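> Sequential numbering of the sequence shown, starting at 163, is according to the numbering used here. There's a structure below that I have some questions on.
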Amino acid sequence: MACSSTAEIDADSLAGRLSTSAEAQSQLSEEENLTPAKALKEIAIPHRYGQTVIPQNPERIITLGPYEEDSLIAIGVTPIAVTEPQGLTGRYPPPWSQEFLRNVPILKLANVDGDLDYGAIAELRPDLVMATKTELTVEQYEELSSIAPTLIQPGPPNSSEMSWQTHAEFIGQVMDLESESGQAILVTQASIFDAIRPHPALEGSTFAHIKVDQREVLQIAGGKSLSSRFFRQLGLAYPSNLDDEIGDADWSLMTEQLESLSSVDVLVVESDPALRDLLIDSHPFLEQE
Numbered sequence: 163m164a165c166s167s168t169a170e171i172d173a174d175s176l177a178g179r180l181s182t183s184a185e186a187q188s189q190l191s192e193e194e195n196l197t198p199a200k201a202l203k204e205i206a207i208p209h210r211y212g213q214t215v216i217p218q219n220p221e222r223i224i225t226l227g228p229y230e231e232d233s234l235i236a237i238g239v240t241p242i243a244v245t246e247p248q249g250l251t252g253r254y255p256p257p258w259s260q261e262f263l264r265n266v267p268i269l270k271l272a273n274v275d276g277d278l279d280y281g282a283i284a285e286l287r288p289d290l291v292m293a294t295k296t297e298l299t300v301e302q303y304e305e306l307s308s309i310a311p312t313l314i315q316p317g318p319p320n321s322s323e324m325s326w327q328t329h330a331e332f333i334g335q336v337m338d339l340e341s342e343s344g345q346a347i348l349v350t351q352a353s354i355f356d357a358i359r360p361h362p363a364l365e366g367s368t369f370a371h372i373k374v375d376q377r378e379v380l381q382i383a384g385g386k387s388l389s390s391r392f393f394r395q396l397g398l399a400y401p402s403n404l405d406d407e408i409g410d411a412d413w414s415l416m417t418e419q420l421e422s423l424s425s426v427d428v429l430v431v432e433s434d435p436a437l438r439d440l441l442i443d444s445h446p447f448l449e450q451e
């Protein structure tokens, strides 16, 4: 088994390449209802809570979803504030966006009361709040909308999470920078395949993607998660036994149950480096090649 860190893989393959510069275009056709309706000076985007009218050329954008800023940076737009992902297992901002976010405030998703810090958001005077990669209740949406137009994921409730390609294309449409987003997708897609080409032995190998937090609880990505879809795009295969057992949603297990993954060819571990080393020390089979 090969064990690697997703912090390294992400920086070298996906989000880093998107920020510095399909599931392929067939998926985009399945999501054609995401295309916003354009007006002369504004763009109206329907979603499960109604619709959001995006002002022309918004300049003060706050992102609430995890790594939501990547699609903006890819088209040359820097938000005025970003949000640190919950359950973060590595450093933030990540290596690929540090240069762009060096002087950008980083918000926490919740305040001491466990709710969004609306005061901190209002103080930044945004003209657009972007929350297309996080779940908002209708109450949260309405409160944020009283501060600035708030964009959530389009489509009906329980829509599947957008792939990175679809998200980049959608943000390009929202910002009226479709040509730039299209070019960023092409460059990123090419660089992903360039990164995997020197490793033909990975073709057909089984994989599992797990996250480890301080409580030593593992989260295994389901077969249709964004990360699993990405690794499939690289030619890896999701184990059929995990597909049967886990299904689409992520699944939790304790670290002592990790041996159940010993038959997986490639185990991608996302965690703090110290936790990852501790995990390998306590489970020697992870070091097997």
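Positions of the beta carbon are idealized from the N, C-alpha and C atoms, including for glycine. It should be emphasised that the depicted structure is a prediction, and the values quoted were computed from it without experimental measurement.
1. Using CA atoms only, rank isn't needed, just tell me which of Ala-284, Leu-429 and Met-292 is closest to Val-239.
2. Note down, one range per segment and in chain order, each alpha helix (DSSP H) of at least 4 residues found wholly within the stretch 250-319.
3. By the 10 Å Cβ neighbour count, where 16 or more other Cβ atoms means buried, how is Gly-281 classified, buried or exposed?
4. When the distance is taken between beta carbons, is Leu-269 closer than 8 Å to Leu-290?
5. Does the stretch 221-241 come within contact of the stretch 328-335, defined as at least 3 CB pairs closer than 8 Å?
6. Under a three-way DSSP split, which group does Pro-208 fall into?
7. Check whether the stretch 358-371 and the stretch 393-401 touch, using three or more Cβ-Cβ pairs below 8 Å as the test.
8. Report buried or exposed for Arg-438, applying the criterion of at least 16 other Cβ atoms within 10 angstroms of its Cβ.
9. Work out the CA separation of Ser-402 and Leu-226 for me, nearest whole Å.
10. Report the residue ranges of all alpha helix (DSSP H) runs contained in full by the stretch 326-409; include only those spanning at least 4 residues, in chain order.
11. Does DSSP put Ser-233 in a helix, in a strand, or in coil?
12. Whose C-alpha, out of Leu-234, Glu-221, Gln-351 and Leu-380, is nearest the C-alpha of Asp-412?
13. Quick check on Glu-432: does DSSP put it in helix, strand or coil?
14. Along the beta strand (DSSP E) that carries Met-416, what are the first and last residues, could you check?
15. Short of 7 Å in beta carbon distance, which residues of its chain neighbour Arg-264, apart from the five on each side in sequence? Order them along the chain.
16. Out of Asp-406, Ala-363, Thr-350 and Ser-433, which one is the CA nearest neighbour of Phe-392?
Let me lay it out:
1. Met-292
2. Annotation note: the stretch 250-319 contains the following uninterrupted alpha helix (DSSP H) runs of length 4 or greater, listed N- to C-terminal: 280-285 and 300-307.
3. exposed
4. no
5. Contact holds between the stretch 221-241 and the stretch 328-335, because three or more Cβ pairs, one in each stretch, are under 8 Å apart.
6. strand
7. yes
8. buried
9. 34 Å
10. 326-336, 340-358, 388-395 and 402-408
11. helix
12. The option with the nearest alpha carbon to Asp-412 is Leu-380.
13. strand
14. Its beta strand (DSSP E) spans residues 413-416.
15. none
16. Closest option to Phe-392, Cα to Cα, is Thr-350.
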